[in-house]
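Visitor: Quick one: the structure is below, questions incoming.
Number of protein chains: 2
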Amino acid sequence: MTTPLPLAPTPADAAGCCSPAGPGLDADTATGVARTFKALADPNRVRLLSIVARAEGGEACICDLTDPVGLSQPTVSHHMRLLAEAGLVTREQRGRWAYFAVAPQARQLVESSVAAVLPA
Amino acid sequence: MTTPLPLAPTPADAAGCCSPAGPGLDADTATGVARTFKALADPNRVRLLSIVARAEGGEACICDLTDPVGLSQPTVSHHMRLLAEAGLVTREQRGRWAYFAVAPQARQLVESSVAAVLPA
DNA sequence: CACACGTATTGACAGATGTCGATATGTGCC
DNA sequence: GGCACATATCGACATCTGTCAATACGTGTG
Numbered sequence: 000m001t002t003p004l005p006l007a008p009t010p011a012d013a014a015g016c017c018s019p020a021g022p023g024l025d026a027d028t029a030t031g032v033a034r035t036f037k038a039l040a041d042p043n044r045v046r047l048l049s050i051v052a053r054a055e056g057g058e059a060c061i062c063d064l065t066d067p068v069g070l071s072q073p074t075v076s077h078h079m080r081l082l083a084e085a086g087l088v089t090r091e092q093r094g095r096w097a098y099f100a101v102a103p104q105a106r107q108l109v110e111s112s113v114a115a116v117l118p119a
Numbered sequence: 000m001t002t003p004l005p006l007a008p009t010p011a012d013a014a015g016c017c018s019p020a021g022p023g024l025d026a027d028t029a030t031g032v033a034r035t036f037k038a039l040a041d042p043n044r045v046r047l048l049s050i051v052a053r054a055e056g057g058e059a060c061i062c063d064l065t066d067p068v069g070l071s072q073p074t075v076s077h078h079m080r081l082l083a084e085a086g087l088v089t090r091e092q093r094g095r096w097a098y099f100a101v102a103p104q105a106r107q108l109v110e111s112s113v114a115a116v117l118p119a
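In the order they appear, the protein sequences are chains P and W.
Heads up, the first sequence is in numbering that gives the first Met the number 0, so the first residue is 0 and it goes up one at a time.
Heads up, the second sequence is in numbering that gives the first Met the number 0, so the first residue is 0 and it goes up one at a time.
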């Protein structure tokens, strides 16, 4: 519970084991960071995102994504939804097709998540 | 199934939808990348890693980790095992205690995973 | 307007994952 | 050797996750 650690900074505690170890990230921040990484924690989502990132014009629609990953259309739709909810891709309905592109803040989102866990 | 239309194979296909979209990352690479992110896809693991990263001396033992995250000792041990298997932390048995530290290649591991998905 | 087509949603299911209590393993101390 | 302690493993359980077939929803086209 965030233990404001008014405890004695000194003594034998550290001697018995190791140092008291600061609180690290708070639960909320950690949840947010984990949410971003969770979106990238599936091989097929990684592939899908990489395809979109490399796509000509920077965007791709579902119909172009199913074949490369070898998944059913609903499954690909599901994965893209997760990527979109994580803020990693954007979805734009244009005519009959839904075009996905890497979100502008995607890179920064991931980088800041990394920085939160592993500060320089 | 790419709809075996006997129609003209060449032209309207690309015109109808978007570009064919390159293959993106291969399955093996994507699996590796996802493995790294999967280790970071749990809030408690994120917290644990951040605690170790910020720990005095750069290392912490299980006994110092259970309290901050509020999990049982077996659960913390389990999470640290996963982080270690992912190559993000190292484990060193010293006396009765097991000291965990951020692995030297941890940052590079994560960074290269990011770069694999989202090339600059 | 009806139809074809691209995409999203639903329902169902197997497998993975996070968690704990109980217990085993290993290590230093008396 | 025996005991106390720190950590790891095991067994069990609830929940989450990835997947597909079936189906619903929009949208342009005839």
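Ideal Cβ placement from N, Cα and C applies to all residues, glycine included.
Does Asp63(W) pass the burial test, meaning 16 or more other C-beta atoms within 10 Å, or should it be called exposed?
Guide: Position 64 of the second sequence, counting from 1, holds the residue named residue 63(W). That one is buried.
Visitor: Closer than 8 Å by C-beta to Leu48(P): which residues in its own chain qualify, once you throw out the five before and the five after it? Chain order, please.
Guide: Sequence index remark: in the first sequence, residue 48(P) carries index 49 (1-based). Leu39, Leu82, Leu87, Val88, Val101.
Visitor: So which residues of chain W does Ala52(P) contact, with C-beta pairs closer than 9 Å?
Guide: Residue numbering aside, residue 52(P) sits at position 53 when the first sequence is read from its first letter. The contacting residues are Gly23, Val116, Leu117, Pro118.
Visitor: If we ignore side chains and look at the alpha-carbon of each, how far apart do Ile50(W) and Val116(P) end up?
Guide: As a first step, residue 50(W) is located in the second sequence; it is residue number 51 there, counting from the start. As a first step, residue 116(P) is located in the first sequence; it is residue number 117 there, counting from the start. The straight-line gap from Cα to Cα measures roughly 9 Å.
Visitor: Pop quiz: Gly23(P) and Arg80(W) are said to be a contact at Cβ under 8 Å. What is the actual Cβ separation, rounded to whole angstroms?
Guide: Here residue 23(P) corresponds to residue number 24 of the first sequence, with the count starting at 1. Here residue 80(W) corresponds to residue number 81 of the second sequence, with the count starting at 1. That belief does not hold up - the Cβ atoms of Gly23(P) and Arg80(W) are roughly 18 Å apart, past 8 Å.
Visitor: Round the Cβ separation of Cys60(W) and Ala97(W) to the nearest angstrom and send it over; I've been treating them as touching at under 8 Å.
Guide: Counting from 1 along the second sequence, the entry for residue 60(W) is found at position 61. Counting from 1 along the second sequence, the entry for residue 97(W) is found at position 98. Right, their Cβ atoms sit about 6 Å apart.
Visitor: Does DSSP put Gln92(P) in a helix, in a strand, or in coil?
Guide: Position 93 of the first sequence holds residue 92(P). Note: Gln92(P) maps to strand in three-state DSSP.
Visitor: Glu58(P) lies in the beta strand (DSSP E); which residues open and close that run?
Guide: Mapped onto the first sequence, residue 58(P) falls at position 59. 58-60 is the extent of the beta strand (DSSP E) around Glu58(P).
Visitor: Starting from Ala26(P), find everything on chain W with Cβ-Cβ shorter than 8 Å and list it in chain order.
Guide: Mapped onto the first sequence, residue 26(P) falls at position 27. Correct list: Pro42, Arg46.
Visitor: Helix, strand or coil for Ala102(W) per DSSP?
Guide: As a position in the second sequence, residue 102(W) is number 103, starting the count at 1. Three-state result, Ala102(W): coil.
Visitor: DSSP has Ala97(P) in a bridge; who is on the other side?
Guide: Residue mapping note: residue 97(P) aligns to position 98 of the first sequence, counting from 1. Looking at the DSSP assignment, Ala97(P) forms a beta bridge with Gln92(P).
Visitor: With burial defined as no fewer than 16 other Cβ atoms inside 10 Å of the residue's Cβ, what is the status of His78(W): buried or exposed?
Guide: Numbered from 1 along the second sequence, position 79 holds the residue referred to as residue 78(W). His78(W) is buried by the Cβ-count criterion.
Visitor: Considering Cα atoms alone, identify which of Asn43(P), Ser111(P), Phe99(P) is closest to Ala33(W).
Guide: As a position in the second sequence, residue 33(W) is number 34, starting the count at 1. Answer by Cα proximity: Asn43(P).
Visitor: Suppose contacts are defined by Cβ-Cβ distances below 8 Å. Is Val113(P) in contact with Val113(W) by that definition?
Guide: For the purposes of this step, residue 113(P) is identified with residue 114 of the first sequence, where counting begins at 1. For the purposes of this step, residue 113(W) is identified with residue 114 of the second sequence, where counting begins at 1. Yes, they are a contact pair.
Visitor: Closer than 8 Å, CB to CB, is Val109(P) near chain W or not?
Guide: On the first sequence, position 110 is the one that residue 109(P) refers to. Closer than 8 Å to some Cβ of chain W, the Cβ of Val109(P) qualifies, so yes.
Visitor: Using a C-beta to C-beta distance shorter than 8 Å, which residues of chain P count as neighbours of Val32(W)?
Guide: For this step, residue 32(W) is matched to residue 33 along the second sequence. What Val32(W) touches in chain P: Leu39, Pro42, Val45.
Visitor: Could you tell me the alpha carbon to alpha carbon distance between Ser111(P) and Glu58(P), rounded to whole angstroms?
Guide: The residue labelled residue 111(P) in the question sits at position 112 within the first sequence. The residue labelled residue 58(P) in the question sits at position 59 within the first sequence. If I take the Cα positions, the gap works out to 24 Å.
Visitor: On the DSSP letters alone, give me the boundaries of the alpha helix (DSSP H) that Tyr73(P) sits inside.
Guide: As a first step, residue 73(P) must be located in the first sequence, where it is residue number 74. Before going further, note that residue 73(P) is Pro rather than Tyr in the sequence given. 72-84 is the extent of the alpha helix (DSSP H) around Pro73(P).
Visitor: Helix or strand or just coil, what does DSSP make of Gln87(P)?
Guide: The residue you call residue 87(P) lines up with position 88 of the first sequence. Before going on, a small fix: residue 87(P) reads as Leu here, not Gln. Reduced to three states, the DSSP call for Leu87(P) is coil.
Visitor: Return no unless some Cβ of chain P is closer than 8 Å to the Cβ of Val88(W).
Guide: As a working note, residue 88(W) is residue 89 in the second sequence. Closer than 8 Å: no.
Visitor: Using a Cβ cut-off of 9 Å, pull out every chain P residue sitting near Arg106(W), in sequence order please.
Guide: By one-based count along the second sequence, residue 106(W) stands at place 107. By Cβ distance, chain P contributes Val113, Leu117, Ala119.
Visitor: Who are the neighbours of Ser76(W) on chain P, taking C-beta pairs under 7 Å?
Guide: Taking the first residue of the second sequence as 1, we reach residue 76(W) at position 77. Here the premise fails: no neighbours, minimum Cβ distance about 15 Å.
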